[in-house]
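Scroll down for the structure; my scribbles are underneath it.
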């Protein structure tokens, strides 16, 4: 207990000292969730200001606004992002690693307790979901859209860890100190706050060189989405013009002239006005007709349908396929995940796409894991006085069906048994690999007999490796087949 108090005392002095920037650091949260701080007392409904905007002017919006509302205006973006989050989401395992590389059971148990503490809701008042799973999904979305993830480990006044807070990475900017080191800052209403503190974490995605801001993954999807939006507007006009047959009304000028009053014929201005009124009356009369009404008129009006122009026409499908292909590439997804098929393909090609997509999502999982590992390692030291490396691993996405997965597990288990028979691995490693396939967390259970764990055989089992058992079964089946066919023993 004294060790924990001394560590907390050390960090208390570390947090309260004045840094080179002149900003005092305290255990109170320093960052804000995002950059909407001017009117933060009331938060409007998400993207309300864009509901009345004309999508034909989408090209005039800035790229951050476009990325924020992209999944609200593009079906492809909405589908790709939703699919990505659902594939990303899943359970995770956590363990503490000692300095010698072995699993630290004390640190592991403390980490599980800490995560359980994070996942508890405040029952005394309203609180949005903010457990580790929820914040991991926020980080996952930022990986894809904003090119970085950021969070802050929050402490109370007694320097007890209370949780991990989300921070909008777009609200973070970087400065360079006298030593050439980057440090983060955040503009909050009317002041600049330094986040050069140990409990603030920022991880860029695929940065170019030492650029701290990272790469916004789906920015390249903006242009094809804008182009498709404009093209769909043009197609709408084309369908409106050519999809419904229009009529040509021909009014005989002679019939109008016969009905002109004598006092109007000699006045050119009145004559033009009279003819215009007559035409407008005819136009309004036919506008009032319903689509299924019959047209009844005198022989002074001729009605003929307008035939569409004949000749070369543009088939929009190949063009739309090219645009959809660019959108899929920009959204870091594949055609099969957008329920589209551009050109030819095969089952093997589709399987390769699935493998690549799983690896893509897995790489984003590692970015989220790295931030959570750093935050939990600091929380472990502050909360429990344990210095250990934290290892978090999300369960990798699995797109195979249960039947396919069972078949793969059967083959993998047989391969592990074969490696054990050939003495390529020991019993300890064999057991660990089998537990990994089965999805079991934690170390090998301690109820395995010491004789088997040390490589010996179970006295209740015959001394026969698994490969010999398979050979015996094969011979038994062959003997039974011969007996049934009358071929001897």
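In the UniProt record's numbering, the protein residues as written are 1 to 489.
Cβ atoms here follow ideal geometry from the backbone N, Cα and C, with glycine treated the same way.
Where residue 118 is concerned, the enclosing alpha helix (DSSP H) starts and stops at 105-119. Here the C-alpha atom of residue 154 lies approximately 32 Å from the C-alpha atom of residue 72.
Excluding five sequence positions before and after residue 192, the CB atoms of its chain that fall closer than 8 Å to its own CB belong to 185, 186, given in chain order.
Per DSSP, the beta-bridge partners of residue 95 are 391. Per DSSP, the unbroken alpha helix (DSSP H) holding residue 406 starts and ends at 402-421. The C-beta distance from residue 358 to residue 397 rounds to 5 Å, short enough to fall under 8 Å. In this structure residue 100 is not in contact with residue 119, their Cβ atoms being roughly 30 Å apart against a cut-off of 8 Å. When secondary structure is reduced to three states using DSSP, residue 307 falls in the coil class, being assigned neither helix nor strand. Residue 325 has its alpha-carbon roughly 47 Å from the corresponding atom of residue 178.
Checking the DSSP bridge columns, you'll see residue 164 partnered with 153. Contact between residue 248 and residue 327 does not hold, since their C-beta atoms are separated by about 41 Å, which reaches or exceeds 8 Å. Residue 431 and residue 105 have their alpha carbons spaced roughly 18 Å apart. Below 8 Å, enough C-beta pairs join the region 250-262 and the region 272-286 to call them touching: three or more.
Assigned with DSSP and collapsed to three states, residue 268 falls in helix. Boundaries cannot be given for residue 334, as no beta strand (DSSP E) includes it and DSSP labels it neither H nor E. Per DSSP, the continuous beta strand (DSSP E) segment holding residue 251 begins and ends at 247-251. Annotation for residue 436: the continuous alpha helix (DSSP H) segment containing it runs 427-438. By the neighbour-count criterion, in which a residue is buried when 16 or more other Cβ atoms sit within 10 angstroms of its Cβ, residue 126 is exposed.
Straight across, the Cα-Cα distance linking residue 303 with residue 335 is about 49 Å. As the crow flies, the alpha-carbon of residue 292 is around 22 Å from that of residue 280. Separation of residue 213 and residue 98 (C-alpha to C-alpha, rounded to the nearest whole angstrom) is 32 Å.
For residue 137, the closest of 110, 103, 92 by C-alpha to C-alpha distance is 92. Of all alpha-carbon atoms in 183, 203, 157, the one lying nearest the alpha-carbon of residue 194 is that of 183. Cβ neighbours of residue 231 within its own chain (closer than 8 Å, five residues either side excluded): 316, 319, 320, 323.
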